[in-house]
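Worksheet: one structure, shown below.
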Amino acid sequence: MYHAEQNFRVQLVIYIAVLALASFLRVQPWGLVAIVLAGGIVLVLECINSAVERLLDLVQPRLHGYVREIKDIMAAAVLVASVSA
Numbered sequence: 701m702y703h704a705e706q707n708f709r710v711q712l713v714i715y716i717a718v719l720a721l722a723s724f725l726r727v728q729p730w731g732l733v734a735i736v737l738a739g740g741i742v743l744v745l746e747c748i749n750s751a752v753e754r755l756l757d758l759v760q761p762r763l764h765g766y767v768r769e770i771k772d773i774m775a776a777a778v779l780v781a782s783v784s785a
């Protein structure tokens, strides 16, 4: 997963940077828990997005309208989670 998906690597680097910054700023424990949960949700959604994209590419190699729409919805879910985190 880490080597194949560039978006996952970017999200992971940002997640680690945010954790380092939170540690440097001495964020309260409950704040750190919130950061870990939010970052974890983003990474899990990125994994699900990658899995759905690969499955759709396997089932429907040519880009069908529904396939494009599903991929867009999954990408939007990751984007919303990233911005919300």
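In our numbering, the protein residues as written are 701 to 785. Using N, Cα and C, we set each Cβ at its ideal position, and we do this for glycine too. Quantities reported herein were computed from a predicted structural model and do not represent experimental measurements.
My assumption, with CB atoms under 8 Å, is that residue i sits in contact with residue j. Please give the rounded CB distance.
i           : j           : result
residue 745 : residue 783 : Contact doesn't hold; Cβ gap of about 12 Å is too wide.
residue 743 : residue 763 : Not a contact, Cβ separation roughly 26 Å.
Counting C-beta neighbours from all protein chains within 10 Å, is the total for residue i 16 or more, i.e. buried, or is it exposed?
i           : result
residue 760 : exposed
residue 733 : exposed
residue 708 : buried
residue 739 : buried
residue 781 : buried
Output needed for residue i: all residues of its chain with C-beta closer than 7 Å, excluding positions within five of it in sequence on either side, in chain order.
i           : result
residue 756 : 767, 770 and 771
residue 718 : 735 and 739
What residues in its chain sit with their C-beta under 8 Å from that of residue i, if we drop five residues either side in the sequence?
i           : result
residue 727 : 735
Considering just the uninterrupted stretch of the alpha helix (DSSP H) at residue i, what are its terminal residues?
i           : result
residue 722 : 706 to 724
residue 737 : 729 to 759
residue 779 : 765 to 784
May I have the straight-line CA-CA distance separating residue i from residue j, to the nearest angstrom?
i           : j           : result
residue 721 : residue 753 : 32 Å
residue 748 : residue 716 : 20 Å
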